[in-house]
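Step one of this worksheet: look at the structure below.
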Amino acid sequence: MDKLLISFQHLSLWVPSRRLRVSSYLVAIAVLLYLTNQGIRIDMPAHEQYQRLLVVQKGLDAQLSEAILVTRYQAQSSYDPVLKVLKTLEKNVQNLQTIPDFLQTLNTADMQKYLQQKETILSQVNQRTDTFKTQNSILKNSLIYLPTLKARLLEQLSPETAQLLTRDLDQLISQVILYSQTTEPSAARKIKEAIARLQRTQAQARFDIPEASLNLVIQHAQIVLDYQPQVEALSQELLELSNTGISEQLEQVYQHHYAQARELANLNRAAIYGVVLMTVLWTAYWVIAYMLQLTRQAQNSSKELQTTLQELQQTQSQLIQSEKLSSLGQLVAGVAHEINNPVSFIYGNLQPAEQYTEDLLKLLHQYQQEYPQANENIEQLKADIDLPFLETDFPQVIDSMRQGAQRIKTIVLGLRNFSRLDETGIKTVNLHEGIDSTLMLLKSQFQSHCGRSQIEIIRNYGTLPLVTCEPGPMNQVFLNLLSNAIDAIHDRNQALNAEETSPLSQITITTQISPQNSQWIQITVADTGPGMSDRVQQQVFDPFFTTKAIGQGSGLGLSSSYDIVVNQHGGQLSCHSKLGAGSEFILTLPIQPE
5 MDKLLISFQH LSLWVPSRRL RVSSYLVAIA VLLYLTNQGI RIDMPAHEQY
55 QRLLVVQKGL DAQLSEAILV TRYQAQSSYD PVLKVLKTLE KNVQNLQTIP
105 DFLQTLNTAD MQKYLQQKET ILSQVNQRTD TFKTQNSILK NSLIYLPTLK
155 ARLLEQLSPE TAQLLTRDLD QLISQVILYS QTTEPSAARK IKEAIARLQR
205 TQAQARFDIP EASLNLVIQH AQIVLDYQPQ VEALSQELLE LSNTGISEQL
255 EQVYQHHYAQ ARELANLNRA AIYGVVLMTV LWTAYWVIAY MLQLTRQAQN
305 SSKELQTTLQ ELQQTQSQLI QSEKLSSLGQ LVAGVAHEIN NPVSFIYGNL
355 QPAEQYTEDL LKLLHQYQQE YPQANENIEQ LKADIDLPFL ETDFPQVIDS
405 MRQGAQRIKT IVLGLRNFSR LDETGIKTVN LHEGIDSTLM LLKSQFQSHC
455 GRSQIEIIRN YGTLPLVTCE PGPMNQVFLN LLSNAIDAIH DRNQALNAEE
505 TSPLSQITIT TQISPQNSQW IQITVADTGP GMSDRVQQQV FDPFFTTKAI
555 GQGSGLGLSS SYDIVVNQHG GQLSCHSKLG AGSEFILTLP IQPE
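Add 4 to the 1-based position in the sequence shown for our numbering, that's all there is to it.
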C-alpha cells in the first residue's frame, strides 16, 4: 500500500479546468439525449401481434388449400368454406399492411413487395374461384345425375333390353366416376369406348330403346369428359396460388428486419452505456488528478524531487539502451504515424475553432448590446463563469494549442525523415542524408558519460552516387551500427578507474566507392572502444547474441542489420576488431541492385 501511495504521489496528471468539466458534462448530456431520442424502441406487443398475424397467414393458406380440395372432390359440398377463408385472408393481409412502427426507420420495401404480391394472388384466386364454382358445379351435377338417368332408362326398357344395356351403362358410369377423380387418359378413352358401344347397341338393337333417354346419358358423360380437365386444371392452379410460399418469405423478411432493429437497439444501448462509462471515467480521472495535484503541492522537499528526477533519468537511459538495438526503427515509425494523425486533426481544426470562437463572442457582444438589461439568472451565470476573463483567455488558449501542435508537427517531421515513412519500397537515395539523420537522433548519446569527454564524430565522406535501396531499413542499419559503437565507448569508459586518463572517444564514419568494385559503395564505422575477441567476432551477427547485461539488449541489432544488408540488399557486412584497439564494421552495397 505504501509503495502504491508513493507511485500515485509521483504520477503527474493534467487537471481539467472547471469550464472544461462543465462543458464536457453538457456534451455528455446532449449525446445521451440524442441517443435516447434517436434510438429504436422495440414494441414487443406490436411485434408479437405481427408475428401472430404471420402465423395466421400461413394457417389460412393451408385452410384455403384444404377447402379447395374438399370442394373439388366431395360430391355434396358447399363453396362457402372457400369464400370464407378468402375473406379472412384478405382481412389478414390488410392487417399485415400495418407494419410495426419500430421498423419504419428501416427499409421495408421488400415486405411491401411481398404483401402486394399476396394481394395480387388473392385477387387472382377470387377470379379463378368464380370460374371454378361454375365449371365444378356443372361437373358435379353430371356426376350426380348419371346414376339417376341410368335407373330411369332401365325402367323404360324391357327386361331383355335392360339386361343388354346394363353392363355397358355400368362400365360407362364407373369409368366416368374414375375419370372424375384421376383424370387418367385411359379412363377417358374407356368412356369414349363405352359411349360408342352404347351407340352401336342402340343402332343394332332389335328392341326399341328410348333415344332421348340414352342420348341424355351420353350427353352427361360427354360433359364429364369436357369439364373434368378444366376443373382439374383450375383446382391445381388454385392450389398453386394458395401455396406460393410468399407467406413464408414474408415471415423470413420480417424476422430479418426485426433482428436488424434489435441489433440497432442494442448498439444504441451500448453507445449510451459507453457514454455513461466515459463520463464516469472522466469524473474519476479529474477527481484523481485533483487529489494528486493537492498531494504534489504538499511535496516541497527538494530531496524527494531530486530522487524522483534521478529515477526518471535512470529509467529513461535504461529504456533507450534496452530498445535501441531491437526495433527502434519500427517504434519511431509507429510513434510518428500515430502522433501525426491526431495532431493533424487538432492542427487542422484550430483555425475553424478560432473562427467559431470569434463568431460566438461577436454574437454574445451583439446580444449584450441589443439586450443590455439581462435578467438576474443570466447576470449570475456571467459572474459564475467569469465572462470577461473567458473572452480574453479563450483565444490565448487556442493560440497556445496551435503553438504546441506546431511543435509536435516539427518533431514528427524529424522522426519521419529518419524512418522514411513517406518512402516505401526501393528508392534511389543519398545515404549521407540517412547517416546524418541517424546522428541527429543519437546526438544526446554523444555527450560526456561517467565524467569522461564526449564522443567525437569524424565524418570522412567521399563522393557517393545515389544508391538504390530501401531507405527505412538502411537507416535502421546505420542506427544499429552507431548505437553499437557508442555503447562500446561508454562500456570502455565505465571500466576505467577515476585516476586513469580517458583515451580518445571517437567514431569515424568513412564513405567511398568500393576499392574492389566501382559499382559498389563502402561505408565504414570505426570506434575507439575496447574491441572484441575472436570468439565474440565469430558470434557477433548471430541472433540473440549479446555481451550486455540482461535487460539492456536483445541481441538482435547486428543480426537484423546483417539480414537487411546481405539478404535484402545483396550487400556485405563484416567486422574487424582486436582487443584494446577498437572495432570496425564495413558495409558494402551495390549502387544499382540486379
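Even glycine gets a Cβ: it sits at the ideal position worked out from N, Cα and C.
Small disclaimer: the values here were computed from a predicted structure and weren't measured.
Tell me the residue span of the alpha helix (DSSP H) that contains Y375.
Secondary structure note for Y375: it is in no alpha helix (DSSP H), with a DSSP letter that is neither H nor E.
Rounded separation between D65 and V86 - CA only
D65 and V86 have their C-alpha atoms spaced approximately 11 Å apart.
Between Q526 and Q541, what straight-line distance do the alpha-carbon atoms span, to the nearest angstrom?
Cα atoms of Q526 and Q541: separation of roughly 20 Å, rounded to the nearest angstrom.
Tell me, please, which residues DSSP counts as bridged to Q510.
Bridge partners of Q510: E460.
Buried or exposed, going by whether 16 or more other CB atoms sit within 10 Å of the CB of V74?
Result: exposed.
Could you tell me whether the Cβ atoms of I402 and E358 are closer together than 7 Å?
Yes, Cβ-Cβ distance for I402 and E358 is below 7 Å.
Can you check whether the CB of Q67 is closer than 7 Å to the CB of V97?
No, the Cβ-Cβ distance between V97 and Q67 is not below 7 Å.
Given N130, which residues of its chain have a CB within under 7 Å of its CB, disregarding the five upstream and five downstream residues?
Cβ neighbours of N130 within its own chain (closer than 7 Å, five residues either side excluded): L90.
If you count every other CB in all the chains shown that lies within 10 Å of the CB of V291, and 16 or more means buried, which is it?
By the neighbour-count criterion, in which 16 or more other beta carbons inside 10 Å mark a residue as buried, V291 falls on the exposed side.
Buried or exposed: Q325, going by 16 or more other Cβ atoms within 10 Å of its Cβ?
With a pLDDT of 38 at Q325, under the threshold of 50, the modelled position of that residue is not reliable, and the figure given next carries that caveat. By the C-beta density criterion, Q325 is buried, having at least 16 other C-beta atoms within 10 angstroms.
Take every Cβ of the stretch 130-144, pair it with every Cβ of the stretch 191-210, and state whether three or more of those distances are shorter than 8 Å.
In short, these stretches do not touch, since the Cβ pair count stays below three.
Quick one: Cα of Q523 to Cα of L354, how far?
If I take the Cα positions, the gap works out to 51 Å.
How many Å lie between T592 and Q520 at the Cα?
Taking the CA atoms as reference points, T592 sits about 10 Å from Q520.
Is it the case that the Cβ atoms of G438 and N479 are separated by a distance below 7 Å?
Pairing G438 with N479 gives a Cβ-Cβ distance under 7 Å.
Do we get a CB-CB distance below 7 Å when we pair M478 with the residues of chain B?
In the structure shown, chain B does not exist; there is a single protein chain.
Just reading off the beta strand (DSSP E) that P594 is part of, what are its end residues?
Start and end: 587-594.
Have a look at T550 and F349 and give me their C-alpha separation to the nearest angstrom.
Whole-angstrom Cα-Cα distance: 43 Å.
Every unbroken alpha helix (DSSP H) within the stretch 66-141, with a cutoff of 4 residues, ordered by chain
Whole alpha helix (DSSP H) segments, 4+ residues: 84-100.
Can you tell which of H224, Q234, S441, V471 has the C-alpha that lies nearest to the C-alpha of N434?
Looking only at H224, Q234, S441, V471, the smallest Cα-Cα distance to N434 is reached by V471.
Does DSSP put D397 in a helix, a strand or coil?
Three-state DSSP puts D397 in a helix.
Opposing strand residues paired with Q526 [DSSP bridges]
DSSP output for Q526 lists Q516, T592 as bridge partner(s).
Can the beta-carbon of F398 be found less than 7 Å from the beta-carbon of T361?
When the beta-carbon positions are compared, F398 and T361 come within less than 7 Å of each other.
Assign H580 to one of three DSSP states: helix, strand, or coil.
In the structure shown, the three-state DSSP call for H580 is strand.
On a Cα-Cα basis, can you pick out the residue from I72, Y258, S28 that is closest to P104?
The option with the nearest alpha carbon to P104 is Y258.
Which of the three DSSP states, helix, strand or coil, is assigned to D172?
Per DSSP, reduced to three states, the secondary structure at D172 is helical.
Might you give, ordered along the chain, the residues of its own chain that have their beta carbon closer than 8 Å to the beta carbon of Y54, omitting 5 neighbours on each side?
For Y54, where only same-chain residues beyond five positions count, the Cβ hits under 8 Å are L100, I103, P104, Y258.
How would you label Q449, buried or exposed, when you count the other beta carbons within 10 angstroms and need 16 or more for buried?
Under a 10 Å Cβ-count criterion, Q449 is classified as buried, with 16 or more other Cβ atoms of the shown protein chains found around its own Cβ.
Return yes when the Cβ of G533 is within less than 7 Å of the Cβ of G584, no when it is not.
In this structure, G533 does not lie closer than 7 Å to G584 by Cβ.
Given L245, which residues of its chain have a CB within under 8 Å of its CB, disregarding the five upstream and five downstream residues?
A distance below 8 Å between beta-carbons, with the five flanking residues on each side excluded, links L245 to the following residues of its chain, in chain order: I125, Q128, V129, R132.
Identity of the residue in S162, A225, N140, T165 nearest Q175 by Cα
Checked all of S162, A225, N140, T165; the closest Cα to Q175 is A225.
Please identify the residue among D495, G535, T467 whose C-alpha is closest to the C-alpha of S518.
When only C-alpha atoms are compared, the closest one is T467.
Closest Cα partner of N219 within the set Q121, L173, S251, R22
Measuring from the Cα of N219, the nearest candidate turns out to be L173.
How far does the beta strand (DSSP E) with V433 in it extend, from its first residue to its last?
It spans 431-433 - the beta strand (DSSP E) in which V433 sits, taken as one unbroken run.
Helix, strand or coil for D47 per DSSP?
Note: D47 maps to coil in three-state DSSP.
Under 7 Å, do I493 and D440 count as touching if we go by C-beta distance?
Taking 7 Å as the cut-off, the Cβ atoms of I493 and D440 do not count as close.
C-alpha gap between S581 and E588, whole angstroms:
So the alpha carbons of these two residues sit roughly 6 Å apart.
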